[in-house]
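Q: This is the structure I want to talk about, given as structure tokens.
Residue numbers (our numbering): 22 to 148.
Shown next as structure tokens:
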């Protein structure tokens, strides 16, 4: 009977070192997962911004082509760094603005081209 009424003094209070290590490991895994999710979100946000800007540049050029339907806006994109068509004409100003927009957003490695085939216009942007 002496054993049944044993004193409560020997009971453990607090946490053992193993429990602390396991809790730290779980917490570290969760924080690492959160950091990876943030990096992926940042990468996808940047990609979406680039796509949106490319769409804006392409639609701007399409609007200019529609406004000046009689002009030949074919552009190979080979001379983005050069001046291009004369700035005195609407066509020249439009192509120069197109090149400037591409270079400002995409940098020196950016490429752009416009292909016209009847009523179909294909604008290609790369950076």
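Glycine included, each C-beta is placed from N, C-alpha and C at the ideal position.
Residue 96 bridges to which residues according to DSSP?
A: Looking at the DSSP assignment, residue 96 forms a beta bridge with 135.
Q: For residue 78 versus residue 133, is the C-beta spacing smaller than 9 Å?
A: Going by C-beta atoms, residue 78 is nearer than 9 Å to residue 133.
Q: Based on DSSP bridge pairs, tell me the residues matched to residue 143.
A: Answer is 136.
Q: Determine the extent of the alpha helix (DSSP H) in which residue 51 is found, giving its start and end residues.
A: 38-88 is the span of the alpha helix (DSSP H), which, as asked, contains residue 51.
Q: Roughly how far, in whole angstroms, is the beta-carbon of residue 95 from the beta-carbon of residue 137, given that I think they are within contact range, below 8 Å?
A: With a Cβ gap of about 5 Å, residue 95 and residue 137 count as contacting.
Q: Which residue from 36, 126, 143 and 140 puts its Cα closest to that of residue 71?
A: Cα-wise, what sits closest to residue 71 is 126.
Q: Can you check whether the CB of residue 86 is closer than 9 Å to the CB of residue 135?
A: Yes, the Cβ-Cβ distance between residue 135 and residue 86 is below 9 Å.
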